[in-house]
Amino acid sequence: MGDLISNLSLGFGVVFQFVPVDVPGIGVVPLPMNIFLCFVGCLVGTLIGVLPGVGPVASIAMLLPITFKFDPVGALIMLAGIYYGAQYGGSTTAILVNIPGEATSVVTTLDGHQMARRGRAGVALGIAAIGSFFAGCVATVFIAALGAPLTKLALIFGPAEYFSLMVMGLVFAVVLARGSILRAGAMIFFGILLSTVGTDLETGQERMTFGMQFLSDGIDFAVLAMGLFGIAEILRNLDHTEVRDVVKQAIGRLLPGWQDFKDSALPILRGTFIGGTLGILPGNGAVLGPFASYTVEKKLAKDPRRFGQGAIEGVAGPESANNAGAQTSFIPLLTLGIPPNAVMALMVGAMTIHGIVPGPQVMTKNANLFWGMIASMWVGNLMLLVINLPMIGVWVRLLKVPYRLMFPAILMFCCIGIYSINSLPTDVFFIAMFGLIGYALIKFGFEPAPLLLGFVLGKLMEENLRRALIISRGDMMTFVERPVSAGLLAVAIALLAIALLPSIRKGRDEVFVE
Amino acid sequence: MAVDAERSGTPGGFVRGPQSLVSGLVLIALAALALWLTRDLPQGTLRAMGPAMLPRWLAIAVGLCGIALVVAGLVRDGHQLEGYSLRGASVVVTAILLFGVAIRGFDFQAFKVPTLGLMIAGPLAIFVSGFATPEVRARELLILALSLTGLCMLLFGDLLNLPIPMYPQAFADLYPAGWSSDGRLRMTAAVFLGLAVLIYLAGRRTASREPIDVVPDEHAGTV
Numbered sequence: 006m007g008d009l010i011s012n013l014s015l016g017f018g019v020v021f022q023f024v025p026v027d028v029p030g031i032g033v034v035p036l037p038m039n040i041f042l043c044f045v046g047c048l049v050g051t052l053i054g055v056l057p058g059v060g061p062v063a064s065i066a067m068l069l070p071i072t073f074k075f076d077p078v079g080a081l082i083m084l085a086g087i088y089y090g091a092q093y094g095g096s097t098t099a100i101l102v103n104i105p106g107e108a109t110s111v112v113t114t115l116d117g118h119q120m121a122r123r124g125r126a127g128v129a130l131g132i133a134a135i136g137s138f139f140a141g142c143v144a145t146v147f148i149a150a151l152g153a154p155l156t157k158l159a160l161i162f163g164p165a166e167y168f169s170l171m172v173m174g175l176v177f178a179v180v181l182a183r184g185s186i187l188r189a190g191a192m193i194f195f196g197i198l199l200s201t202v203g204t205d206l207e208t209g210q211e212r213m214t215f216g217m218q219f220l221s222d223g224i225d226f227a228v229l230a231m232g233l234f235g236i237a238e239i240l241r242n243l244d245h246t247e248v249r250d251v252v253k254q255a256i257g258r259l260l261p262g263w264q265d266f267k268d269s270a271l272p273i274l275r276g277t278f279i280g281g282t283l284g285i286l287p288g289n290g291a292v293l294g295p296f297a298s299y300t301v302e303k304k305l306a307k308d309p310r311r312f313g314q315g316a317i318e319g320v321a322g323p324e325s326a327n328n329a330g331a332q333t334s335f336i337p338l339l340t341l342g343i344p345p346n347a348v349m350a351l352m353v354g355a356m357t358i359h360g361i362v363p364g365p366q367v368m369t370k371n372a373n374l375f376w377g378m379i380a381s382m383w384v385g386n387l388m389l390l391v392i393n394l395p396m397i398g399v400w401v402r403l404l405k406v407p408y409r410l411m412f413p414a415i416l417m418f419c420c421i422g423i424y425s426i427n428s429l430p431t432d433v434f435f436i437a438m439f440g441l442i443g444y445a446l447i448k449f450g451f452e453p454a455p456l457l458l459g460f461v462l463g464k465l466m467e468e469n470l471r472r473a474l475i476i477s478r479g480d481m482m483t484f485v486e487r488p489v490s491a492g493l494l495a496v497a498i499a500l501l502a503i504a505l506l507p508s509i510r511k512g513r514d515e516v517f518v519e
Numbered sequence: 026m027a028v029d030a031e032r033s034g035t036p037g038g039f040v041r042g043p044q045s046l047v048s049g050l051v052l053i054a055l056a057a058l059a060l061w062l063t064r065d066l067p068q069g070t071l072r073a074m075g076p077a078m079l080p081r082w083l084a085i086a087v088g089l090c091g092i093a094l095v096v097a098g099l100v101r102d103g104h105q106l107e108g109y110s111l112r113g114a115s116v117v118v119t120a121i122l123l124f125g126v127a128i129r130g131f132d133f134q135a136f137k138v139p140t141l142g143l144m145i146a147g148p149l150a151i152f153v154s155g156f157a158t159p160e161v162r163a164r165e166l167l168i169l170a171l172s173l174t175g176l177c178m179l180l181f182g183d184l185l186n187l188p189i190p191m192y193p194q195a196f197a198d199l200y201p202a203g204w205s206s207d208g209r210l211r212m213t214a215a216v217f218l219g220l221a222v223l224i225y226l227a228g229r230r231t232a233s234r235e236p237i238d239v240v241p242d243e244h245a246g247t248v
C-alpha cells in the first residue's frame, strides 16, 4: 500500500513537473509541459475521434507524428491523451449521429442515440463523461496496484509461457470477433503470415520479399494499420450514400439530474468492474466490456423494455466499461510487453520510436515513464470531463461537416502522418495498397481487426516459439509439460470449444446482432 | 483485388454462398502465393527452425480455411457478393500515389519527378481525392486544399519541425536571399491561406443570392 502511494506520487510528480521552456519574446519560463501535452493530446484526440468513421486506431496513427518532437515521457503522455480523446470522441459520435467510431461504442448507439432523439443528448453525453471519469479513476488505481505484482509474474515467464499466452490471446480475439469464427481464424493466420515477411532474424534469409529492398525490414505496422483502418475505411464509407442522422433536437443541459445519478450509480460501478476485468485479457478483451455491461444491466433492470428506448443505464454502464477496459488494456503491454489490441500495438510502435522496449523492464529502468504515464491517465480523464463537455457545441458543428470534405482531409493527414514516420515515399504507396486490400477484405466479409492483431503478435510469437523449441531441443511437449503454459493453452482450447458449441454460438450471434 | 471479383454471384445454381466461395478462393490463392514464395527456403527442424517453417505452416492453415469457406459456399446458403465502387477506390488510390510521388520526388528508371514538397503534394492529394465521390464541388474542394495545406505547413513545418519537404528548391529561391527558412515557410503558408479566403469571398459575392452551405445540414452527409 505504501509502495502504491509512493509510486503514484512519483507519477504525479512527473506529470506536474515544471520544465524550463524558451518562450519567444519572454525568455525561459518554467511551464508544466506534461500537463500541457496531455491537454493538447486529449483535445486533438477528441477532434479527430469525433469524425464519423475515424476510430482510435486511425486517429492515433494519424497523430503519431505530432508527438515526435517531445521527450519520451511527454510523447507517451500525449499519446495516451490522444487515445482517451479518440475514445471519448467515438462515444460522442455514437450518441449524436448513431455511427459507432469503433466496436466498443456500438452499444452506446443503442440507448445513447435514443436519448439524444428525445432531447436528452446533453444528459447522455454528461453521464458518459462522468461514468468514464469514474471508471478512469478506478482503473488508474487498479493499474498502479496490479502493475508491480504482474511485472514480477512476467519475470518467471519463459518463452514457452509467452507463446502460450499469445495463443490464448489470439483465441480470445477469434472468439470475440464479429461474424464467423472460421473467417476470424483465417484473418489471424493471414496476419501472422504477413508478419513473417522480411528478413528472418536468425538466419538472415529474406522471406517473401519479392526481392524488393524496402520489404527486407518487413511490413511496417503503422503502414498496415493506416491502410486497413484509415484508407480502407474511407473507401468503404464512399460506397454508402445513406443519410447522416445528426440529431436535430437541442443538446439540452449537460448535467444529469438527481434521478439520473441515482439510476446510473450502480450501472457505473458494475460497468467499471466488468470492463476493467475484461480489459486485462490479452486478445482485445476490452471489446467485450460494453456488451457484457449492457447485457447485465438489461437483465437486472426492473423493466427491460426501456432498453433501446433511451434508458440512461444503457449508456452509463457500457461507457464506464468501455473506458475502464481502454485503460486496463495497458496492463498486458506495460507488464508483459504484449499488446492486447491494435491501439496498444501502435503504442509499442511509438515507444520503439522513442527508444523504449515495452515489457517488464520498463518499470524498473524507466520508473518515471511508467508511473508518469499511469498518473497521466487520471489527469487525461479529468481533462476529458473539463474540456470536452463545454466544447460540445464545437463537436456538433464538426459532425455536420459533410463527408465529401472530410475524407480528402483525412486522406491527407494519413499521407503526411505515414510519410513523417520514416520519411519514405514507399510507405505512402503502401497505405494505398493496404487500403485496397482492406477494402477487398471487407467486401469479402472479413474483419481487418483480427488480421492486425495476428500481425502484431506474429513476430513475438515466432521468436518465442523458436526460443522455446531451442531450449527444449525440439520437443513440442514443452508447451504442455510446463504447468503455466499448459494452463494457458487449456483455457484457449476450452474457449474455442465453448464458442463452437451450437447453443453458445447462437447466443454469441445474438449478442453481436444487438 | 476486389476489382477483379464478379459484381454479383448468380443466385441459384450450385453456388449457394457466393461470398464464401470467392473469399475462400482468395485465401487459397494467397496461401499458394506464400507457398510459392517460400519454396526455395529451408524449413529446418523443430530443434533449429529454418526461415520457411512458420510461413509454410501458416500458409497451409490459411489455405485450409479457404477450402472450408469454399465448401461452405457450395453447401450452405450465404451472402451475395457486395457491390463495389470503382470510382472511389481508383480515385483515392491515385490521390495517395500522387502525394507519394510528389512529396520527396521520385526516380524510377525513365520516370523522374523532382522534389515538389507539401506545397504541391498536399493540394494535389486533396483536390484529386475529392473526385472520389459524385457529390464533388470543385470550388469548395479548392478552398479546402489551399487552406488545409497552409495550416499543415505551419503545424508540421514551423511548429513541429518535422523533416517533411515543404516546397521545391526553385520556389525557395524566389524569395530574397535575406529571408530565413522559417520566414519563407510562413509567407508561403500565408499566401495559401490568403488565396483560400479570396476564393471563398469571391464565391460568396457571385452567389450571394443563394447561400452556399459550407456547413450544410445532415442531408448532404454520406457515411
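Chains A and B, in that order, give the protein sequences. Residue numbers for the first sequence follow our numbering, so the first one is 6 and each next one is one higher. Residue numbers for the second sequence follow our numbering, so the first one is 26 and each next one is one higher. All C-beta atoms, glycine included, are put in the ideal place defined by N, C-alpha and C. Values in this document were obtained by computation on a predicted structure and should not be read as measured data.
- According to the DSSP assignment, A:K448 belongs to the alpha helix (DSSP H) that extends over P430 to K448.
- Counting only Cβ-Cβ distances below 8 Å, A:K464 has no contacts in chain B at all, with the closest Cβ about 10 Å away.
- Across the set A:P287, A:V384 and A:V228, the C-alpha of A:V384 shows the shortest separation from the C-alpha of A:V19.
- Under DSSP, A:G203 takes part in a beta bridge, and its partners are A:R212.
- Under the criterion of beta carbons closer than 8 Å, B:S154 and B:A197 do not qualify as touching, at roughly 27 Å.
- For B:V51, there is no enclosing beta strand (DSSP E); the enclosing alpha helix (DSSP H) covers residues P43 to L62.
- Secondary-structure assignment with DSSP links B:M74 through a beta bridge to B:G69.
- Residues of chain B with a Cβ closer than 7 Å to the Cβ of A:A497 do not exist, since the nearest Cβ in that chain sits about 16 Å away.
- Counting along the chain, no beta strand (DSSP E) covers A:F73, and no H or E run does either.
- With respect to chain B, the C-beta atom of A:V433 has a partner C-beta closer than 8 Å.
- The beta-carbon of B:P188 is placed less than 8 Å from the nearest beta-carbon of chain A.
- The C-beta of A:Q218 has fewer than 16 other C-beta atoms within 10 Å across all chains shown, which makes the residue exposed.
- Rounded to the nearest whole angstrom, the C-alpha separation of A:A129 and A:M396 is 15 Å.
- Looking only at B:L58, B:A97, B:I85 and B:F136, the smallest Cα-Cα distance to A:I186 is reached by B:A97.
- Contact annotation for B:M74 against chain A: R471 and L474 [CB-CB distance below 7 Å, chain order].
- Counting C-beta pairs closer than 8 Å gives three or more between the segment 185 to 200 of chain A and the segment 88 to 102 of chain B, which meets the contact rule.
- Counting every other CB atom within 10 Å of its CB across the protein chains shown gives A:M120 a total of 16 or more, marking it as buried.
- For A:E166, the number of other beta carbons within 10 angstroms of its own is at least 16, and it is reported as buried.
- Under the three-state reduction of DSSP, A:L416 is assigned to helix.
- According to the DSSP secondary-structure assignment, A:V24 is paired through a beta bridge with A:L36.
- The criterion of a C-beta distance shorter than 8 Å is satisfied by A:F139 and A:S325.
- Between the segment 332 to 352 of chain A and the segment 282 to 292 of chain A there are three or more inter-stretch CB-CB distances shorter than 8 Å, so the stretches are counted as touching.
- Think of a sphere of 7 Å around the beta carbon of B:R129: the chain A residues whose beta carbon falls inside it are P430, in chain order.
- For the pair of segments examined, the segment 42 to 58 of chain A was found to touch the segment 89 to 97 of chain A: the number of CB pairs separated by less than 8 Å reaches three.
- Judged by DSSP in its simplified three-state form, B:F133 adopts strand.
- By DSSP's assignment, B:V138 forms a beta bridge with B:F131.
- With a minimum length of 3 residues, there is no unbroken run of beta strand (DSSP E) contained wholly in the segment 440 to 499 of chain A.
- Within 9 Å of the CB of A:Q210, the CB atoms of chain B belong to L66, P67, G75, P76 and A77, in sequence order along the chain.
- Contact between the segment 111 to 127 of chain B and the segment 155 to 167 of chain B is established, with three or more Cβ pairs separated by less than 8 Å.
- With contacts defined by Cβ atoms closer than 8 Å, A:M356 and A:P363 form a contacting pair.
- With respect to chain A, the C-beta atom of B:T140 has no partner C-beta closer than 8 Å.
- Shown here for B:G175: same chain residues with a beta carbon closer than 6 Å to its own, the five before and five after excluded, namely A214, F217 and L218 in chain order.
- Rounded to the nearest angstrom, the Cβ distance from B:P67 to B:P76 is 7 Å, consistent with a contact under 8 Å.
- Contact with chain B is found for A:M417, since one of that chain's Cβ atoms lies less than 8 Å from the residue's Cβ.
- At a cut-off of 8 Å, the C-beta of B:F133 has no neighbouring C-beta in chain A.
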